[in-house]
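K.L.:
The structure follows.
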Amino acid sequence: MDDRPVILFITDDPALGAMFRLRLQRDDYAVTWVGSRELDEVLPDVSADLVYFDVDSARPTVASVLFRLRRAPGTRNRPLVLVSRTPEEQLRKRLPLAPQDFVLALYQYEAAS
Numbered sequence: 006m007d008d009r010p011v012i013l014f015i016t017d018d019p020a021l022g023a024m025f026r027l028r029l030q031r032d033d034y035a036v037t038w039v040g041s042r043e044l045d046e047v048l049p050d051v052s053a054d055l056v057y058f059d060v061d062s063a064r065p066t067v068a069s070v071l072f073r074l075r076r077a078p079g080t081r082n083r084p085l086v087l088v089s090r091t092p093e094e095q096l097r098k099r100l101p102l103a104p105q106d107f108v109l110a111l112y113q114y115e116a117a118s
């Protein structure tokens, strides 16, 4: 049985997903990486200790993904870290949550060519 903490990472950006998965696995986390469109397929079976959500790649909308996460038993009461390249001021205007509902992690990276 795997006793490592489980991270659910939601992104449709393959480079970002690979980067985060590698980093988190090196820190001894079990990582489930899923695209926002496939989220409904894994939510019934996943029980995550922490959820990372790339809001820049959310489909169809950020609100719909957040709603699904908060409805699912395995993610309902879990900490949620929103990951984004969008400047904080712009991002806060488009988020459908109160600030106490999430942790915001802003980043910048350049994909390898």
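Here the working numbering runs 5 ahead of the position in the sequence shown, where the first position is 1.
In this text, a Cβ means the ideal position worked out from N, Cα and C, and glycines have one as well.
(1) Once you ignore the five residues that flank residue 62 on each side, which residues in its own chain have a CB closer than 7 Å to its CB?
(2) Less than 8 Å between the C-beta atoms of residue 88 and residue 57, yes or no?
(3) As a quick exercise: from 43, 7, 80, 49, pick the residue whose alpha carbon is nearest that of residue 30.
(4) So, under 8 Å CB-CB, residue 100 and residue 70 are touching, yes? Tell me the CB distance rounded to an integer number of Å.
(5) For residue 35, does the three-state DSSP call read helix, strand or coil?
(6) Give me the Cα-Cα distance between residue 79 and residue 85, rounded to the nearest whole angstrom.
P.N.:
On the basis of the coordinates in this document:
(1) 16, 17, 18, 41
(2) yes
(3) 7
(4) About 12 Å separates the two Cβ atoms, so there is no contact after all.
(5) strand
(6) 12 Å
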